[in-house]
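Below: the structure, in structure tokens.
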Amino acid sequence: MYFIAAFGALLMLLSIVMIVKPSYWAVGIVSFSKQTFFHWFEVSSRMVCGGLFVYFGQATKHPELVNVIGYILITVGIGLVVVGEKRHKAFAVWSASTLRPIFSVAGVFSLIFGAYLVYISVL
């Protein structure tokens, strides 16, 4: 359950960056996508986080929701393997440029969701 709270806190911090500096966020996505470890880091982090959400989900106030989030993360990780590194990187670059105008709004929702994760995990 502490993992989920920490995940929510990190999500909140990153959301603040999205809200305050959406252009910085977009540049960061493109820059990160150029790293050699980008694809496999994204795959493994989603798979591990998803597994931990499923494992620790029962200790939260809404275990069904946390399990669904965990399974979604695992599914996305598997999907990224299927899509492949080249298309994954291309999607990251495309989304950074195309979705930049909505990063601030998305960051607000992400901030609220991160706070919710903290709330259901530790309170």
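Okay, so the sequence shown: first residue is 138 according to the numbering used here, each after it adds one.
Note that CB positions come from ideal geometry on N, CA and C, so glycine has one too.
Span separating the alpha-carbon of residue i from that of residue j
i: R183; j: V242; result: 23 Å
i: V218; j: L260; result: 36 Å
i: A163; j: M155; result: 9 Å
i: F169; j: K226; result: 9 Å
i: G165; j: L254; result: 25 Å
i: E201; j: G194; result: 7 Å
i: L147; j: I153; result: 10 Å
i: R237; j: W231; result: 10 Å
i: A133; j: F174; result: For the chain, the structure presents residues 138 to 260; residue 133 sits outside this window and is missing.
i: Y139; j: S258; result: 7 Å
i: V245; j: R224; result: 28 Å
i: Q172; j: K198; result: 38 Å
First and last residue of the uninterrupted alpha helix (DSSP H) at residue i
i: P200; result: 200-220
i: L189; result: 175-193
i: L248; result: 240-259
Member of the options whose CA lies at the smallest distance from the CA of residue i
i: G207; options: L236, K198, Y192; result: Y192
i: I141; options: W177, V185, I239, A233; result: V185
i: L248; options: Y139, A143, M138, L150; result: L150
i: T235; options: F250, E201, P159, K198; result: P159
i: F144; options: V245, F175, R224, V203; result: V203
i: F178; options: F246, I215, I239; result: I215
i: V180; options: V167, I211, F250, Q172; result: I211
Short CB-CB distance (under 8 Å) between residue i and chain D
i: I209; result: This model lacks chain D altogether; it includes just one protein chain.
Fill in: Contained beta strand (DSSP E) runs [length at least 3] in the stretch 142-168, N- to C-terminal order
Those beta strand (DSSP E) runs which fall completely within the stretch 142-168 and span 3+ residues do not exist here.
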